[in-house]
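Number of protein chains: 2
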Amino acid sequence: MAERPDITLACIQYEPLFGDPDRNLDAMEDRIRTAHDRGAGLIVLPELADSGYVFESPEETARLARPIPDGESAARLIALAWELGVYIVSGLAEAAEGVFYNSAMLCGPEGFIGAYRKLHLWNRETLFFKPGNLGLPVFDTPIGRIGMAICYDGWFPETFRTLTAAGAEIVCVPTNWVPMPDQDPGVEAMANALHKAAAHSNGIYIACADRVGTERGQPFIGQSLILDATGWPLAGPAPRTDEAILIARVSPGALAEKRQLNEFNNILGDRRTDVYG
Amino acid sequence: MAERPDITLACIQYEPLFGDPDRNLDAMEDRIRTAHDRGAGLIVLPELADSGYVFESPEETARLARPIPDGESAARLIALAWELGVYIVSGLAEAAEGVFYNSAMLCGPEGFIGAYRKLHLWNRETLFFKPGNLGLPVFDTPIGRIGMAICYDGWFPETFRTLTAAGAEIVCVPTNWVPMPDQDPGVEAMANALHKAAAHSNGIYIACADRVGTERGQPFIGQSLILDATGWPLAGPAPRTDEAILIARVSPGALAEKRQLNEFNNILGDRRTDVYG
């Protein structure tokens, strides 16, 4: 394997406005340019960043979802990635052959790279989107092997195990985290603990870009996070209510070393596949 | 299924003395009686609670490891469980047919119930113990279905997935957590985050009993923890250096309700077995 370069990640925590993709794409572009100015080479945006989150009718989904990569939201991000020479992962509402997915797209200087469709739908999303049907793809790029997961996907350890087994080095997580039942707002979000555990147990970098604000009565919790492959935060958690851009430098080339915990233990090699497959 | 009674758990965080099982069993008995006096019906003790942890030669293992259930350590705990009418899970150094395991035993008022042998050995343990060969058993008792895991087992999400799939309601974790690389001593231990994530993602109660103190230069980190099936602490984390007894009441009968996160989502039912088996 060619030596992997280091890469600067950015997570953009922002507040979309429901139902106004043009305004949202303007806001995303503004923050992507800022992240690029700060040296970012891979920029992650929240779930459903173009449409907003709280759909109330199938008509709204039909009006706001757009094809990937040929719809206006995807095309605008692809053009921006080309112009700036950066990689971008963003959550987007996707229309495909008459149905709709809660999706994420990866694009870069070379154009569209790939899409992911959220496997685990949360709550009333099930009324407006189809469950993902593209599995958990990993895309080999010049900056590393990149996987994507969206919000509630992170509640399932298999998400990260499967991406890691497929070679993922950096998992980008566009998300719209909501408060969990019994969450004490004064303590670390369960979402943060779940992703720390996933980064640590798999030896992968994880970049979670959450939104903030309250939409149609639904609050979101911020606390975006960029995690080292040891599970410790490299940047964040971001504030709970304010917009923010997190920046951290990661070294996909260092993963083999990080996964070797000591002379005897490798976090992936120690799996007892004879017991649990 | 008959209605499950509530049960009071105790985690005993204590400091064994290496190589002195008689002294350690006296100390364990003292703390088990205290936990019983405080209402505990299921009492969890640390990993290798009878022997201590930092073995330096095979001769030490041979001298200190004892059969389960017929050796002196196991027999003494079984007698105590019968006398007090409680369930006990303890880590023990096990001798079996000329080899040695880092094991845990479950016993109760009805006597010996079962043993577990640590699947994932940590660091120099590999020099003194064989990897576990009993899988991840779950024992159906009048107080609930109980699984066991030991220390580094908890670094593998499959441990808890497998126990949950086998019906575990309460997972008891005898442990000797050591500082992880890059651990900032001022922040929550990664071990705590890993078990919070496991309890939350599986909808199971988890009771981690750690040791404290420094043995032959190896520090241990305390921070024992009893977790609700939502992942939030019911008791602990205990102090980092002092002995402690954690007490919490749990309701195995409430697990079905806790696993149903809302009208649409069940933390176990939502798994995409079509994607990741």
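Quick note, the sequences are listed as chains F and C, same order. Take the first sequence: its letter number 78 is residue 79 in the working numbering, and every next letter is one higher. Take the second sequence: its letter number 82 is residue 83 in the working numbering, and every next letter is one higher. The C-beta atom is built at its ideal place from N, Cα and C for all residues, glycine as well.
Check, Outcome
"Within this structure, are the beta carbons of residue 145 of chain F and residue 253 of chain F separated by less than 9 Å?", "yes"
"So residue 95 of chain F is in the beta strand (DSSP E); what residue range does that whole segment cover?", "88–97"
"Under 9 Å Cβ-Cβ, which residues of chain F neighbour residue 142 of chain C?", "Under the 9 Å cutoff, chain F gives no residues; its nearest Cβ is about 23 Å from residue 142 of chain C."
"Could you give the distance in angstroms between the alpha-carbon of residue 239 of chain C and the alpha-carbon of residue 12 of chain C?", "10 Å"
"If you count every other CB in all the chains shown that lies within 10 Å of the CB of residue 45 of chain F, and 16 or more means buried, which is it?", "buried"
"Scan the segment 104–123 of chain F for residues whose Cβ lies nearer than 9 Å to a Cβ of chain C and list them as they occur along the chain.", "120, 121, 122, 123"
"Exposed or buried, residue 17 of chain F, counting other C-beta atoms within 10 Å across all chains shown (16 or more means buried)?", "buried"
"Under a CB-based cut-off of 9 Å, is residue 165 of chain F close to chain C?", "no"
"Ignoring anything shorter than 3 residues or poking outside the segment 89–165 of chain F, list the beta strand (DSSP E) runs there in chain order.", "100–109, 112–118, 139–142, 145–149"
"Within 8 Å, do at least three Cβ pairs link the segment 102–112 of chain C to the segment 81–90 of chain C?", "yes"
"Beta carbon of residue 212 of chain C: closer than 8 Å to some heavy atom of the ligand FAD?", "The ligand FAD is not among the ligands present in this structure, which contains no ligands whatsoever."
"For the alpha helix (DSSP H) that contains residue 55 of chain C, what are its first and last residues?", "Neither: residue 55 of chain C is in no alpha helix (DSSP H) and is coded neither H nor E."
"Hey, does residue 213 of chain F have any beta-carbon neighbour from chain C nearer than 9 Å?", "no"
"Say whether the segment 209–227 of chain C touches the segment 170–190 of chain C, bearing in mind that this needs 3 or more beta-carbon pairs closer than 8 Å, one atom from each stretch.", "yes"
"Which value, in whole angstroms, describes the spacing of the CA atoms of residue 47 of chain F and residue 126 of chain F?", "16 Å"
"May I ask which residues mark the beginning and end of the alpha helix (DSSP H) holding residue 217 of chain C?", "Note, residue 217 of chain C: premise wrong, no alpha helix (DSSP H); not H, not E."
"Could you tell me the boundaries of the alpha helix (DSSP H) in which residue 276 of chain C lies?", "274–277"
"Can you give me the C-alpha to C-alpha distance between residue 101 of chain C and residue 174 of chain C, rounded to a whole angstrom?", "19 Å"
"For residue 96 of chain C, which residues from the same chain have a beta carbon less than 6 Å from its beta carbon, with the 5 sequence-adjacent residues on both sides left out?", "66, 67, 68"
"According to DSSP, which residues form a beta bridge with residue 279 of chain C?", "As shown, chain C starts at 2 and ends at 278. That puts residue 279 of chain C outside it, with no answer to give."
"Between F/163, F/150, F/276, F/200, which lies nearest to residue 176 of chain F when the distance is taken from Cα to Cα?", "F/150"
"Spatial neighbours of residue 26 of chain F within its chain, please: C-beta separation below 7 Å, excluding the five flanking residues on both sides.", "51, 74, 77"
"If you compare alpha carbons, which of F/53, F/170, F/130, F/10 is closest to residue 139 of chain F?", "F/170"
"Going along chain C in order, which residues have a C-beta closer than 9 Å to the C-beta of residue 182 of chain F?", "231, 259, 262, 263"
"On the three-state DSSP scale, how would you describe residue 279 of chain C?", "Examination of residue 279 of chain C is not possible in this model, given that chain C is present from 2 through 278 alone."
"Which residues in the same chain as residue 245 of chain C place their Cβ atom closer than 6 Å to its Cβ, once the five residues preceding and following it in sequence are excluded?", "14, 239"
"Would you call residue 260 of chain C buried or exposed, if buried means 16 or more other Cβ atoms sit within 10 Å of its Cβ?", "buried"
"Output yes or no for whether 9 Å exceeds the beta carbon distance between residue 153 of chain C and residue 193 of chain F.", "no"
"Taking a contact to mean a Cβ-Cβ separation below 9 Å, would you say residue 248 of chain C touches residue 28 of chain C in this structure?", "no"
"Quick one: measure Cβ to Cβ for residue 120 of chain F and residue 55 of chain C, integer angstroms, because I've assumed they're closer than 8 Å.", "Not quite, the Cβ-Cβ distance comes to about 44 Å (not below 8 Å), so this is no contact."
"Here's the rule: buried if 16 or more other CB atoms are within 10 angstroms of the residue's CB, otherwise exposed. What is residue 236 of chain F?", "buried"
"May I have the straight-line CA-CA distance separating residue 130 of chain F from residue 196 of chain F, to the nearest angstrom?", "24 Å"
"So residue 7 of chain F packs on residue 250 of chain F, CB below 8 Å; how close in whole Å?", "6 Å"
"Go to residue 210 of chain C, then tell me how far its beta strand (DSSP E) extends in each direction, as first and last residue.", "206–210"
"So which residues on chain C does residue 21 of chain F lean against when the C-beta distance must stay under 8 Å?", "Result: empty, since nearest Cβ-Cβ is about 27 Å, beyond 8 Å."
"Output needed in chain order: residues of the segment 191–220 of chain F with a Cβ under 8 Å from some Cβ in chain C.", "191, 194, 195, 197, 198, 199, 201, 202"
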